[in-house]
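Taking it in order: structure first as structure tokens, then the write-up.
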Amino acid sequence: MLLLNHLWIILALPLAGAAINGLLGKLWPKSAVNSVAIGSVVLSFLAVAETVREFCNLAPSQIPFIGNYFTWMIAGEATPHPFRVDFALQVDQLTVVMLLVVTFVGMLIHIYSTGYMAHEGGYYRFFSYLNLFMFFMLTLVMAANLVVMFVGWEGVGLCSYLLIGFWFLKKSATDAGKKAFIVTRIGDFGFTIGILLVFATFGTVAFGEIFPLASQQSETVLTTICLLLFAGAVGKSAQLPLYVWLPDAMEGPTPVSALIHAATMVTAGVYMVARMSPLFSRAPVAMFVVAIVGAVTAFYSATIGLVQTDIKKVLAYSTVSQLGYMFLACGVGAYASGIFHLMTHAFFKGLLFLAAGSVIHAMGGEQDMMKMGGLRKKIPVTYWTMLIGTLAIAGIPGFAGFFSKDDILEAAEAGRYHHVVLFVLGLVGAGLTSFYMFRLVFLTFFGQPRYDEHKVHVHESPKNMTIPLMILAFLSIFGGWFAAPRLVGRMDYFEKFLAPVFASSPGGDVAPAAAEAGATPAMDLVHALTGWPVIVGILGLLVAWWFYIKNPEVPKRLAKNIHALYLLLLNKYYVDEIYAALIVRPLLWISTNVLWQVVDEGLIDGTVNGTATVARESGSQARKLQSGNTRSYAAWVIVGAVAFTALLFGILGVKR
Amino acid sequence: MSAVPISYYLVLSAILFGLGVVAVVFKRNIITIFMSIELMLNAVNLAFVAFARAHNQLDGLVFVFFVIVVAAAEAAVGLAIVIMLAQNRESLNVERVNLLKL
Amino acid sequence: MEFISQHPVLVAAVVKVLILLFIVMTALAYLSYAERKLIAHIQSRWGPYNVGAHGLLQPLADGIKFLFKEDVTPPASDRFIYTMAPFLALALGMSTIALIPFGPPSVRFPNGEEAFSVADLNLGLLFVFAITSLGVYGVALAGWSSNSKYSLLGSLRSSAQMVSYEVSLTISVVGVVLLAGTLNFNDLIQSQHGYWLHFIPRWNCFPQIVGFLCYFVAAIAETNRVPFDLPEGETEIVAGFHTEYSSFKFAMFFMAEYANMITVSCLATILFLGGWLSPLPDRWTWQIYLPGAGLLILAAYCAWDTVAEMRGIARLQFAVVTLIAGGAGLLCLIPAVAETIKGPFWFTTKILAILFFYIWMRATLPRFRYDQLMSFGWKLLLPVSLANLVITAAFIVFWPLLRHP
Amino acid sequence: MSIPVILFFLCALVAVAGAVLLILAREPIHSALALVLVMSTLAILYLLLGAPFIAAVQVIVYAGAVMVLFVFVIMLLNAGSEERTNISRLAKPIGLPLGFVLLLAFAYFLWRSPVGGAIANGTGSSNDAADTVKLSEMLFRQYLFPFEATSILILIAILGALVLARKES
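Chains as they are written, first to last, in our numbering: chain A, 1 to 656; chain B, 1001 to 1102; chain C, 2001 to 2405; chain D, 3001 to 3169.
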């Protein structure tokens, strides 16, 4: 119980690291900065480990374990429902999973960064931001009420902004940072209103107090709340229609893309939906919206990923689509599957990004796959790890992705809110995923080098980059085996572990119950191994092989034949342009012509200046009274004295 | 022995006070204005003593004592200020001294 | 007539005032004579000699001269104040003397009024100071009103000097007041009655020696006498504040100055020298015949002088003087009379001694420089008198504790 | 019509006359003298009221020190008759009448004041010695703190005067 009683330590460590590096790092050598940054994260990982150990010894009655540290803000004590926000942290199974993922992946990526950023300026700044991000992410994950969660939520947003624009001399980077920030704000707007609505409805914002009351609320209210909250999730997790910022976010350093824009932050939306599952589960409409959005996003961004040539862009779109899968899972009520996929995705997508980073590192900053090729021999470690990651994401049996994605699709097919459309979209998306991932691998590592070998000196990355790759590769293989027993019709450990969290949500998860019953016919090994997901996965592999190994001119011909579609995909359905035309320009026009010239200059400035003018005028009039002339003052004093005497004796009639 | 009602003294002090007030307004010479203030203080002192006598209490006298002392201190500082003023502005006319105006 | 019978107090007061006025006027006149004569002798000159025997009628001549000289008033002067100033000075100078007890209060008129003091106030000392503190006006106004640079400077100097020294004058006296615990002159004098070792009189000048010296110096400055006669420093500013004054107004300033001298000497006598107490032990009862004896000796000297020295009209005058002195001496030998005039005799003797000191100093000492004067007054005299006051107070508070712990 | 009453009216007359003179005199020094006159008469009134100590203090401090200071300053600055500027047109039309109103009001209310009827049994010097002792007792016991405060005030005043009068050089 040492650390459970001091959960804040987990947060304090990265914060301290950020503060120290941010304030003093400028003066220190890189080694010192490294030791501070990595040390803080490693320590907080160890703290998490210890916490988890202690957590496992807790009796079910003690879960969720809540540590309440101080009342952050309180208003209206008199009222029956004062607005009271405690700075409270809580730990339950869901939190444990997230904590482990965040701190562990974060730790690895920190280590990786020491290699990747070795030659960059603003070294200390980078690590200070990174630690700060860890702090906010952990806050978000451990928050025991919506407001504290929101703090973390916005904090990670801030850090994402800072890190995307890390190379602030590059205009594209800063623009991307602003874009990410603003687009996310749109969602956060909904999220904020959702929080307020929650308070208005339940009179509190603490999870522990909300959920018991959920059943008493009407479905419409819950639906509204859930949709508002989901809006936040859409923004943060880059779902349709607010996904546009994530691809641009690739302007940031690759470790950032790996940590923030693949492994942790972007999954915050999923986490939040899972966390609020008791509410969502009572709002079928909201659930359906979530599912639809997830499925569509999964398919949609996969299609875009087909034709991208920038290695990181491909990964970005695949991230979006994977997040779509997670929401799909949540939407069909398979929260555990969603979180499971979140975890595995954190592993293999982190791995993929880091590997891509390693490739870029090796290519000396080149990101265009068309200028790569044949790297397999030159950077074997990167190659193998990346291959593993690809196999994992493609859902090839035995790898982590297989289990989680299979779970999700199966839930979409037979889950509580199942719907054939969802299933089909997910399935096609899965096929596309495996196709473009293998396309990436083949383009990068196979075939003839398409770059000038004299200019580019390809070299394997240093140890501190490759070792994290290996560890993540290992996890990408075995990270999914928690769910292995399902294949033989047994209980899925992961879902079993998470079950208490979602138990309160009616029919949240059919899987455990079914598994207990052991009578779900779908659940036998053969069927699982020959299920649709596996088939489409392998199909994608083969098509990619056919396209890019066997006869490489096919894609070009195809692009020529269906040129319109190709362009459409290449330009990402022109979404950015559409947004610009529909939203940005009108907004700009209104801001310039109405808000600026009429409201601001006319009304606001008018009011302010008018006040000033009135004050000045009245003052200059009143000034005439103050002649600075002693005699006049004396005269006024006498006036006062007479008035006072009259008051005292005459009017008040003081008894003499 | 004597048969002078207190009210006589009080009225006298009132008259003196009023005259002092009038003088403050009327005079322009800063020193004279100063003296008028002293006159008012004296009038008040007279009232004090008269009341003290009327109630056969000495507190009034103590207050007079304090008033006198304070008046002395005031005169010291005030006259120093007057001297500075005269040196800086070459005039003792308060109407020429209107630095209080912004 | 019945008003007089109703108010005997007033009548007695008026009578006493008139007598005192006459005495003081003569005293002033002959004080000037004495000054000139003494200084002359100290400087080995004859001094006034021709007007009457030994120039004894000189004051009379001076008075007549003053009266009949033209009274010039500077045209640019402020007439009213110019005229008022000397009167003010003289009046203030003389009025203090009314508070001085020249003899013991035991001696009374038939109607029970004290014989030797016009007004015996409980707060006599305080009132004396009140009046002397007004003395500045005479000088200041005179200098200002006569509208001349010299006068203005002189009066500025003198008023500054008086204000400065008045402080230490007052403070140096407070020690005595503390010892006596009263402000009444007679009580102050009575408190000095008695002897140490049966022959040293218990006068305050012994325990309060510092206060005494401070008082004396401050008094000299207060009366604008040498060495503090800056206001009329001939060498710098012709004659100080009364440069523009002539004839009788000038004379009034003169008299005022002498009157002030007498006042401060009286105060010194009362406060420090035991007033009308006799310096000799009481048991020497023969001492009451001293005044008579003194007068007879004077008469004898005058007689010999008449016979030996004088010629013509002077001889006649001196014979008269001899007769007056002898008669007075014989009169004073009558026990009752002797008993009565004992107090005044000693009082006058002490005053004369102090006045002699004054004149002696004027004859000998040079004049201070102005800044020296000021710094002396503020930086030496005031601190010393303050220290004296504090020490005295401390003594009064702690001495009993030490004696009876 | 006993002597004190006569004396009172005499002094009152002189005092008021002095105050009026203070107002009417053109020369500051005349005003100063008028004020000295007022103060002296007030001292006499204090005597009549049986407060000889206060009377003496009045003369010593006010007439003897404060006013001397005034006269001194007037002489130092050689203040001539005041010039008849009319910059503040406001002062006279408002100030004077109201000043007189104030005067009358005070006079009226004080006349009506309850203690008015009491007789000032002022005796020139009846028990004033005892009174003085009592006064000192009060001053140094009951009012010790104000007394000390005043002394500090005077100290401050001295310093202030010094600072103001010092020549910058």
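By construction, the Cβ of each residue, glycine as well, lies at the ideal position given by its N, Cα and C atoms.
Quick caveat, the model's predicted, so the values are computed rather than measured.
Expressed to the nearest angstrom, what Euclidean distance is found between the alpha-carbon atoms of residue i and residue j?
i: C/Asn-2224; j: C/Leu-2230; result: 7 Å
i: C/Val-2014; j: C/Ile-2100; result: 16 Å
i: A/Phe-126; j: A/His-419; result: 45 Å
i: A/Val-441; j: A/Leu-541; result: 10 Å
i: B/Leu-1016; j: C/Glu-2222; result: 34 Å
i: A/Phe-168; j: A/His-361; result: 20 Å
i: D/Lys-3134; j: D/Ala-3051; result: 12 Å
i: A/Ala-302; j: A/Lys-313; result: 11 Å
i: D/Ser-3151; j: C/Ser-2133; result: 22 Å
i: A/Phe-150; j: A/Asn-34; result: 30 Å
i: A/Pro-555; j: A/Phe-547; result: 6 Å
i: A/Met-287; j: A/Phe-399; result: 29 Å
i: D/Val-3163; j: B/Ala-1080; result: 9 Å
i: C/Leu-2056; j: D/Leu-3007; result: 44 Å
i: D/Thr-3123; j: D/Tyr-3046; result: Note on D/Thr-3123: pLDDT 45, under 50, position unreliable in the model; the coordinate value appears next. Approximately 10 Å, taken between the alpha carbons.
i: A/Pro-521; j: A/His-345; result: With a pLDDT of only 43 at A/Pro-521, under the threshold of 50, the placement of this residue in the model should not be trusted, and no figure is reported.
Between which two residues does the alpha helix (DSSP H) holding residue i run?
i: A/Tyr-69; result: First-last for A/Tyr-69: 65-75, but that is the beta strand (DSSP E), not the alpha helix (DSSP H).
i: C/Asp-2305; result: 2290-2308
i: C/Gln-2190; result: 2185-2191
i: C/Val-2072; result: C/Val-2072 -> no alpha helix (DSSP H), and no H or E assigned at all.
i: A/Asp-310; result: No alpha helix (DSSP H) contains A/Asp-310, which DSSP labels as neither H nor E.
i: C/Ala-2160; result: 2149-2180
i: A/Lys-560; result: 553-561
i: C/Met-2025; result: 2008-2042
i: C/Leu-2088; result: 2079-2095
Near residue i, which residues of its chain fall below 8 Å by C-beta distance, leaving aside the five closest residues on each side in sequence?
i: B/Ala-1071; result: Glu-1038, Leu-1041
i: B/Val-1097; result: Ile-1030, Leu-1085, Arg-1089, Ser-1091
i: C/Thr-2073; result: Arg-2079, Tyr-2082, Thr-2083
For residue i, count neighbouring Cβ atoms within 10 angstroms of its own Cβ and tell me buried if that reaches 16, exposed if not.
i: C/Met-2261; result: buried
i: A/Trp-245; result: buried
i: A/Arg-616; result: exposed
i: B/Phe-1026; result: buried
i: C/Trp-2406; result: Outside the displayed range of chain C (2001 to 2405) lies residue 2406 of chain C, so it cannot be described from this structure.
i: C/Trp-2304; result: exposed
i: B/Arg-1053; result: buried
i: C/Ala-2219; result: buried
i: A/Gly-294; result: buried
i: A/Gly-389; result: buried
i: A/Ala-503; result: exposed
i: A/Glu-120; result: exposed
Can you find the residues in the same chain that come closer than 6 Å, C-beta to C-beta, to residue i, ignoring five residues on each side of it along the sequence?
i: A/Val-234; result: Gly-187, Leu-242
i: C/Ala-2029; result: Pro-2059
i: A/Gly-305; result: Val-314, Tyr-317, Ser-318, Tyr-436
Can you give me the start and stop residues for the beta strand (DSSP E) that residue i sits inside?
i: A/Gln-90; result: 83-91
Suppose the cutoff is 7 Å on Cβ atoms and the five residues either side in sequence are ignored; what does the same chain contact list for residue i look like?
i: A/Ala-16; result: Ser-40
Taking the Cβ atom as the reference point for each residue, do residue i and residue j lie within a distance shorter than 9 Å?
i: B/Val-1049; j: B/Tyr-1009; result: yes
i: C/Ala-2338; j: C/Gly-2292; result: yes
i: A/Ala-334; j: A/Leu-425; result: no
i: A/Gly-324; j: A/Ala-392; result: no
Within the present structure, is the beta-carbon of residue i separated from the nearest heavy atom of the ligand FAD by less than 8 Å?
i: C/Leu-2295; result: The model depicted lacks the ligand FAD and carries no ligand whatsoever.
Whose Cβ in chain F lies nearer than 8 Å to the Cβ of residue i?
i: B/Val-1025; result: In the structure shown, chain F cannot be found, because the protein chains are A, B, C and D.
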